[in-house]
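The structure under discussion appears below in the form of structure tokens.
Residue numbers (this note's numbering): 3 to 64.
Below is the structure:
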């Protein structure tokens, strides 16, 4: 049985340079998977599920 533990990294994760590096890596990954017509769900969910339902139905008044 293997056990893993969380430990602090030696680098400072909260620095602007680190966040830019993560953002650049993330963007590169998104670009690679877009070649396969894929995208991360958290990036496209707002387009897939609207806040309010959109319907083309119109009530008929008799």
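Glycine is no exception: its CB is placed at the ideal position from the N, C-alpha and C atoms.
| Item | Value |
| --- | --- |
| Pairwise C-alpha distance: residue 27 and residue 46 | 19 Å |
| Cβ-Cβ separation, residue 32 to residue 18 (assumed contact under 8 Å), whole Å | In fact, because the Cβ distance is near 21 Å, the residues do not count as touching under 8 Å. |
| Three-state secondary structure (DSSP) of residue 62 | coil |
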